[in-house]
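Sequences listed follow chains A and B, in order.
Going by our numbering, 120 is the number at position 120 of the first sequence; the sequence numbering is gapless.
Going by our numbering, 176 is the number at position 29 of the second sequence; the sequence numbering is gapless.
Worksheet: the structure to be examined is printed underneath.
2 protein chains.
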Amino acid sequence: MSLFLSSYENRLDAKGRVSVPASFRTALNNEKFAGVVLYRSFTNNCIEGLSMSRMESLAAATDKMGVFDNALDDLSAMLFADARPLQFDVTGRIIIPADLLAHAGIGDTALFVGRGNSFQIWDPAAFRAAQNKSLENLRASRPNLVI
Amino acid sequence: MSLFLSSYENRLDAKGRVSVPASFRTALNNEKFAGVVLYRSFTNNCIEGLSMSRMESLAAATDKMGVFDNALDDLSAMLFADARPLQFDVTGRIIIPADLLAHAGIGDTALFVGRGNSFQIWDPAAFRAAQNKSLENLRASRPNLVI
DNA sequence: AATCAAATTATGGGATTTTATGGTTTTCAA
DNA sequence: TTGAAAACCATAAAATCCCATAATTTGATT
């Protein structure tokens, strides 16, 4: 398996440690960096997460675009400056930096949400609200995706 | 064979395990992931099922289109967040998560319904009711299917 | 067409492993 | 030396594996 799928609600302990869901870890288990990269979402009150190798391919992609695209320059500046590499401990936990937790409004419970090739970390209630919103949007726009 | 055809009614045991019908399993037997991906139907009180490779091609598609199609982005987000990868045990069983069972109103018997390239899982009675409803609709509208 | 044997499939329960979570000790740098 | 981070250890709950058995299908042979 190599996609981040499904959602998992895990608790932060007194030291701020959270288990990254086992299925996310297996999705990462032939990565050379045993951990994840987190950064603040630009669009939502949540944390974005991906593998180090995907971060590297992002770097490669922005390289190819050249130095004259200002928007992209801003984006990659933000992204790379903000990105936090976090290594798993022996039991597969990480400590999410306080400013990321604050940005996502996460208290003592974190919801890991699969997004295919990446994932997000949300405050459970905030995610449910956001998901209801996009379900409404979908019902209104009825995109025609063939699955 | 590679299509999901026909319907099969199987029992859930005390631990919630159900056999995926053998013919569905053979339809999946050159997949690298030995199992299925399930998610809540957006339109019916049932569970949708498909192969992991189909899920992966969806991930590839959303990658290519980037972040500019909001509707499709919403949809794939819903899908990936909701999708449950479930591996077969040695005898070809899976455990359907409790929230999916609740959404489909499934008690101790699950009806696997072939849909060609995908399948659905229903509560038997709920499926029969839905079938009658769509038969009524068909009689009323008489769509003209050209083969 | 009927019957029986063999293979496959569905189902059941106990044993084992993983996983999430908590706490304690050690290390290291400020 | 003191505080934070990392390493280490422990455990309950959940998921998975393993083996056994009942039911069904398939295929062969009358």
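Glycine is no exception: its CB is placed at the ideal position from the N, C-alpha and C atoms.
Computed from a prediction, not measured in an experiment: that's the story for all the values here.
Residue i (DSSP reduced to helix, strand or coil)
{"i": "N30(A)", "result": "coil"}
{"i": "S200(B)", "result": "helix"}
{"i": "A110(A)", "result": "strand"}
{"i": "N291(B)", "result": "coil"}
{"i": "F88(A)", "result": "coil"}
{"i": "S153(B)", "result": "coil"}
Boundaries of the alpha helix (DSSP H) in which residue i is found, first to last residue
{"i": "N137(A)", "result": "124-141"}
{"i": "S223(B)", "result": "217-229"}
Option in the options with minimal Cα separation from residue i
{"i": "D236(B)", "options": "L150(B), S153(B), F180(B)", "result": "F180(B)"}
{"i": "H103(A)", "options": "F112(A), I121(A), R93(A)", "result": "I121(A)"}
{"i": "G252(B)", "options": "S265(B), D210(B), V260(B), P271(B)", "result": "P271(B)"}
{"i": "R158(B)", "options": "S288(B), S281(B), R289(B), A257(B)", "result": "A257(B)"}
{"i": "L38(A)", "options": "G16(A), S6(A), Q87(A)", "result": "Q87(A)"}
{"i": "R84(A)", "options": "S2(A), P97(A), S76(A), D73(A)", "result": "P97(A)"}
{"i": "G107(A)", "options": "S7(A), S2(A), R17(A), S6(A)", "result": "R17(A)"}
{"i": "F189(B)", "options": "D229(B), N291(B), V260(B)", "result": "D229(B)"}
{"i": "N30(A)", "options": "N45(A), K15(A), S53(A), A14(A)", "result": "S53(A)"}
{"i": "G35(A)", "options": "S7(A), R139(A), I95(A)", "result": "I95(A)"}
{"i": "C193(B)", "options": "D246(B), L285(B), D210(B)", "result": "D246(B)"}
{"i": "N137(A)", "options": "E283(B), N217(B), N279(B), N284(B)", "result": "N217(B)"}
{"i": "R139(A)", "options": "P290(B), L219(B), E156(B)", "result": "L219(B)"}
Residue i classed as buried or exposed, judged by whether at least 16 other C-beta atoms fall within 10 angstroms
{"i": "F151(B)", "result": "buried"}
{"i": "M202(B)", "result": "buried"}
{"i": "R40(A)", "result": "buried"}
{"i": "L248(B)", "result": "buried"}
{"i": "A207(B)", "result": "exposed"}
{"i": "D221(B)", "result": "buried"}
{"i": "A130(A)", "result": "buried"}
{"i": "T238(B)", "result": "exposed"}
{"i": "S281(B)", "result": "exposed"}
{"i": "A224(B)", "result": "buried"}
{"i": "S6(A)", "result": "buried"}
Where the beta strand (DSSP E) containing residue i begins and where it ends
{"i": "R164(B)", "result": "164-166"}
{"i": "N44(A)", "result": "Here N44(A) belongs to no beta strand (DSSP E), and DSSP marks it neither H nor E."}
{"i": "R115(A)", "result": "Counting along the chain, R115(A) falls outside any beta strand (DSSP E), and DSSP gives it neither H nor E."}
{"i": "I96(A)", "result": "Here I96(A) belongs to no beta strand (DSSP E), and DSSP marks it neither H nor E."}
Rounded distance between the beta-carbons of residue j and residue i, thought under 8 Å
{"i": "L205(B)", "j": "L226(B)", "result": "7 Å"}
{"i": "S19(A)", "j": "R93(A)", "result": "5 Å"}
{"i": "A174(B)", "j": "S149(B)", "result": "5 Å"}
{"i": "F112(A)", "j": "F24(A)", "result": "6 Å"}
{"i": "E195(B)", "j": "S288(B)", "result": "24 Å between Cβ atoms; not a contact."}
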